[in-house]
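Right, one structure below, let's go through it.
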Amino acid sequence: MPEIRRTIMNTFKDAQECQMFVMILKQKWSEFDVKLKDKFTDEIATDVADASKHTAYLTAQSVEDFKIIDDWAKREVLPLRNKFAPKNHTFTCELDARFEFGGEK
894 MPEIRRTIMN TFKDAQECQM FVMILKQKWS EFDVKLKDKF TDEIATDVAD ASKHTAYLTA
954 QSVEDFKIID DWAKREVLPL RNKFAPKNHT FTCELDARFE FGGEK
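In this text, residue positions in the sequence shown follow our numbering: the first is 894, and each later residue adds one.
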């Protein structure tokens, strides 16, 4: 079964708001009752050229896993994000291919 990926790109007013949002997300994530242990990952990366931008990469094993996280995010994350009112783009897709380079054959 292919992985399901969601990419969320946020552009905040400034780097400080971006950092604050990520810091709060770290706290909220640790409070989340992880029904998705070993089924779900969330990685957040800050743009090296513009610290007011970050991208979240969410990976799940199934669309059903996203439904669990979506319910939590609607209650805990989206109200917080909306207070900062960043520009936002979200993409959800199925992984078609993965290419790895290097290593021995």
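Here a beta-carbon is modelled for each residue, glycine too, at the ideal position from N, C-alpha and C. Keep in mind the model is a prediction, meaning the values are calculated, not measured.
Quiz item: Out of curiosity, what's the CA-to-CA distance linking Asp940 and Leu971?
Solution: 21 Å
Quiz item: Given a threshold of 16 other Cβ atoms within 10 Å of its Cβ, counted over all protein chains shown, does Cys911 qualify as buried or as exposed?
Solution: Buried is the call here.
Quiz item: Closest by CA to Asp907, which one among Asp943, Asp931, Asp935 and Arg899?
Solution: Asp943
Self-check item: With 16 other Cβ atoms within 10 Å as the buried cut-off, status of Phe992
Solution: Here Phe992 is exposed, its C-beta having fewer than 16 other C-beta atoms within 10 Å.
Exercise. Per DSSP, which residues does Ala953 bridge with? Please list them.
Key: Ile897 and Phe933.
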